[in-house]
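Notes follow once the structure below has been shown.
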Amino acid sequence: MNKPLRRIAIFCGLLVLTLLLRDNWLQYVKADTLASDTDNRRVNITRYASPRGDIIVGGKAITGSVESGDNDFKYKRTWKDGAMWAPVTGYSSQAFGATQLEKLEDGILSGTDNRLFFRNTLDMITGKKKEGGSVVTTLNAAAQKAAYQGLGNKKGAVAAIDPATGKILALVSTPSYDPSAFAGTSGSDEKAWNKVQKKNNADDPMLNRALRETYPPGSTFKVVTAAAALENGVVSGIDDPTKTPDPFKLPQTSTNLTNEHGGCENASLREALRVSCNTVFAKMADNVGNQKMIEQAEKFGFNNAKLDTPVRAAESIYPEDNRPQNALDGIGQGSNRATPLQMAMVASAVANNGKLMQPYMVDQLRASNLDVLETNEPKELSQAISSETAQKLQQMMETVVKTGTGTKAQIDGATVGGKTGTAQHGLNNSEKPYAWFISYAKLSDGSTPVAVAVVVEDGAANRGDITGGGLAGPIARDVMKAVIDSKK
Amino acid sequence: MSSTTNSPTHHTSTIGSIGTPSRRNTELALLVFAVVIPVFAYANVGLAIDDKVPSGLLSYGLGLGLLAGVAHLAVRKFAPYADPLLLPLATLLNGLGLVVIWRLDQSKLLQSIKQAGTAAPRQLLYTAMGIALFIVVLVFLKDHRALQRYTYISMVGALFLLLLPLVPGLGQNIYGAKIWISVAGFSIQPGEFAKIVLAIFFAGYLMVKRDALALASRRFMGLYLPRGRDLGPILVVWFISILILVFETDLGTSLLFFGMFVIMLYVATERTSWIVFGLLMSAGGAVGVASFEPHVQQRVQAWLDPMKEFAQSRKGIPGHSEQAMQALWAFGSGGTLGTGLGQGHSELIRFAANSDFILATFGEELGLAGIMALLLIYGLIVERGVRTALAARDPFGKLLAIGLSGAFALQVFVVAGGVMGLIPLTGMTMPFLAYGGSSVIANWALIGILIRISDTARRPAPAPASNPDAEMTQVVRP
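Heads up: the protein sequence lines correspond to chains W and H, in order.
Per UniProt numbering, residue 1 is the first one in the first sequence, and the count goes up by one each step.
Per UniProt numbering, residue 1 is the first one in the second sequence, and the count goes up by one each step.
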């Protein structure tokens, strides 16, 4: 009877061995996969077990944490002026996940990033509670506030950049949402969340218009067309008359393109930009040709699906088009589309003598003890235009503000260059147009601390009143002024 | 049978029996560890959850120590040659189980859904009852062979116990499995006791019939086919286990009983063909039942794709449970070293977190290292049981010991394998660790019987009577 007993003993040993192997598979091989599974509630429990690190603007935290007190998630996120900062921070909700900086820098903020591992281990040994690191942004609180207040209850967006570095100074989208309202998991959080969803709210407050919405750029695009014309030698001097009929018949069509203003026939480049002649720039885009226009637009950042700030911006488009459409693209009314950030980049490249810097909004990542983990250095994206072309464009844009359509953007003590735009859209231009303004401000020492793009899509305004200069210009001015004042 | 290990084969070699040490002091030393380790674990839980040593530490330590001490004294008095490892190992598991049950009692989530809160004091009471039964077994069962007399009564008793949950008004359906009965406010799992009683029946029956089963067979395709009338009993047992599966929807118990029977049959007859038969029949039965029993199907589905099951449960589709996936996450989140006692989140398993799924809490809080240690402790208990079977001098003792240890091993495999997602989940409890009176009490009785058999096996043979042949021949002169 002992032989089968020994075999049974081996069999029992095999049973235990099988369990041991399975356990090693589960707790060693698959451990990380299971532990970091997003459906595994522990991921969120850990995330909310300690106060989340803060997002910092100008040395002050714009976020915070409070004890939620009602469930297994100990702390929940709060935001100061949440609606104003939402286009920058995004949200971090216990129930609905996270977006933007809150998501992209979650490792730092929640303290799980590998770079914090040593610290965390040290804290664990010394018995200190785990703390998240902080994200220091490039934003300028004064500029952000000016932009947010400027837009008020109008629908629109503002993007402001420091042309020399690419630092994003303001990023506003209205109407906005307060991420604090749905940071937790309670019923009221769910209600607040549902209220701002696109399907329940036609204004789509969750849409980050500054980064994630593309608009027809309208007349602001004429700056790009002018740049293409100058770069490709289609025109030589900005004050030389161009051979442009008024009205201009779109090539290969019988459609006549007209102007809002008189004096556009054979107008010089400077004059054409000053009064925003459609005919001159449509013809110019046609003369430059679709391929060269695409090339110039791409140098300014168009057709780049991977523009990360680090929050990824929507792709601004300048497509391959037939001749009439390309001509319309030249005045920003064709099939080309741009985000407010993209148009701010155009203004910033012009202001920065042709050099386009990579726009970014995270300056530093810091551990909880303020050790710097990572610093973002300014990066050149491209030489969008030559320095000479940039100078010429600056002169033209400054004329626009001095005596043209953009006079409302003038600032005492600074030279402002800008371009207005009133982009028509909808079937047969039936919908209310978007008011655009792009500009930069130059100080007496020659530095250009800010470039800005403003778009207002205001359904409430009288159609005739919607002009880039009137509606968007003052907002751009206030933002630029806020930046200049904060430099003093 | 060739069980003559360690026993004198020749009347002159009596040296072996003189030197057999009782090992009672070894057992006592090990018991100290078996009590001290859970006490430390208990303090650990309190420090982790409340930042202070739990107030019940002293009484818990004294209680466990007292129980272990009384059990030890009983062994010292009534089974002095018993295996020295079984009692400490069982005490250690029981103590750790109590600690983790108490730890889960502290979970507000489990308290709010009435899945824990006062389980630990009850489990301590059950432990006391279990150890009392253990002592009763040692005191009243002077020789395990006495059980042989109750072979057929055991059969009736086992069937009675197994059918109890099907009695209307007495049986309870908890989470789809009808394996409980409710008596005076206590839920009892008769299956846990039936396991032991059934082992007694099998051992007694097989001891008598094993020659007929082993020898009277025809050879067919390299296998020994038993005669029809010898096949009868195995078919009956198979049928009963299938019935359990169908009516009580308890895959685990069914597998356990059938597996135990096949093991004992194999040991009794030494015929491999029984194993082949057993595997075929159990596989056929399981597949057959699974094809029409939705509860079993659902368990299999949950095993094949726990994530899908979790998603369906989350969507509120009835009949689905997220437990399987939650258990896997608990194990995974524990990783190699675990989160430390009291610092995991196994309460997310919710239902049966402190009973069927208690291993997941160990997995999360003590990690791979802790689970491996636990599995090895279980392995050691089984190994001591098999060794007892090897050392037993009578076939009934051998069969009973291997049946009980085999069943214990199978139960550990079925439960741990189920919780770890190796096999479909079944409603059984991890011996000694899990919350549940029936399980703890029955398993202490099981250890009691194994200790009794091991005591008989290791007891030195009585000094041989003086052999007149060995004495000098006296010549009687007339």
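Think of the CB as a built atom: it goes at the ideal place given N, C-alpha and C, for glycine as much as any other residue.
- Selection K299/W, T138/W and E213/W evaluated against E315/W yields E213/W as nearest (Cα-Cα).
- DSSP places E388/W in the helix class (H, G or I) of the three-state scheme.
- Where S173/W is concerned, the enclosing beta strand (DSSP E) starts and stops at I168 to T174.
- Against C12/W, the close residues of chain H are G379, V382, E383, V386, S405, G406 and A409, in the order they occur along the chain (beta-carbon pairs closer than 8 Å).
- Excluding residues up to 5 positions away in sequence, G406 lie with their Cβ nearer than 6 Å to the Cβ of I263/H in the same chain.
- Within the stretch 128-158 of chain W, no residue has a Cβ lying closer than 9 Å to any Cβ of chain H.
- Residue contact check for T38/W against chain H: no CB pair falls below 8 Å.
- For E271/W, the uninterrupted alpha helix (DSSP H) run begins and ends at L269 to R274, by DSSP.
- For T137/W, the three-state secondary structure derived from DSSP is strand.
- Contacts between Q27/W and chain H, judged by CB atoms closer than 8 Å, involve F331, G332, G334, G335, T336, G363, G367, L368 and I371 in chain order.
- Beta-bridge partners assigned by DSSP to P241/W: S268/W.
- A contact is defined here as three or more CB-CB pairs under 8 Å, and the stretch 366-385 of chain H fails this definition with respect to the stretch 137-153 of chain H.
- Take the alpha-carbon of A435/W and the one of G218/W: they are about 9 Å apart.
- Nearest Cα to V346/W within the set N2/W, L257/W and F437/W: F437/W.
- In the DSSP assignment, T279/W falls within the unbroken alpha helix (DSSP H) covering N278 to V288.
- By the C-beta criterion, the stretch 401-417 of chain H is judged to be in contact with the stretch 10-24 of chain W, since at least 3 inter-stretch pairs fall below 8 Å.
- Looking at the DSSP output, Q172/H shares a beta bridge with W180/H.
- Non-local C-beta neighbours of N354/H in its own chain, meaning closer than 6 Å and more than five positions away in sequence, comprise I101, L104, A116, A119 and Y435, ordered along the chain.
- In this structure, T388/H sits away from I447/H, with a CB-CB distance that is not shorter than 8 Å.
- Proximity of the stretch 239-252 of chain W to the stretch 357-375 of chain W falls short of the contact definition, fewer than three beta-carbon pairs being nearer than 8 Å.
- When 9 Å is used as the limit between beta carbons, N114/W is near no residue of chain H, the shortest such separation being about 16 Å.
- Against chain W, the beta carbon of Y266/H has neighbours under 9 Å at P4, R7 and I8, listed in chain order.
- The beta-bridge partner set that DSSP reports for M357/W consists of E380/W.
- By the Cβ rule, the stretch 290-299 of chain H does not count as touching the stretch 328-339 of chain H, because fewer than three pairs are nearer than 8 Å.
- D308/W carries a strand assignment under DSSP once its states are collapsed to helix, strand and coil.
- If you draw a 10 Å sphere on the C-beta of I153/H, you find fewer than 16 other C-beta atoms in it, and that means exposed.
- Listed along the chain, the chain W residues whose CB falls inside 7 Å of the CB of P395/H are M1.
- With three or more CB-CB distances shorter than 8 Å, the stretch 333-351 of chain W counts as touching the stretch 302-318 of chain W.
- DSSP places E347/H in the helix class (H, G or I) of the three-state scheme.
- In the three-state reduction of the DSSP assignment, P433/W falls in the strand class.
- By the neighbour-count definition (other C-beta atoms within 10 Å, threshold 16), Q106/H is a buried residue.
- Its chain contains F96 and F182 as the residues whose beta carbon lies nearer than 6 Å to that of W193/W, once the 5 sequence neighbours on both sides are disregarded; these appear in chain order.
- For V57/W, the enclosing beta strand (DSSP E) covers residues I55 to V57.
- In this structure, DSSP gives N303/W a state outside helix and strand, which the three-state scheme calls coil.
- The C-beta separation of Y91/W from E102/W comes to about 6 Å, placing the pair in contact by the 8 Å criterion.
- The count of Cβ pairs closer than 8 Å, one atom from the stretch 378-386 of chain W and one from the stretch 161-177 of chain W, reaches three, so the stretches are in contact.
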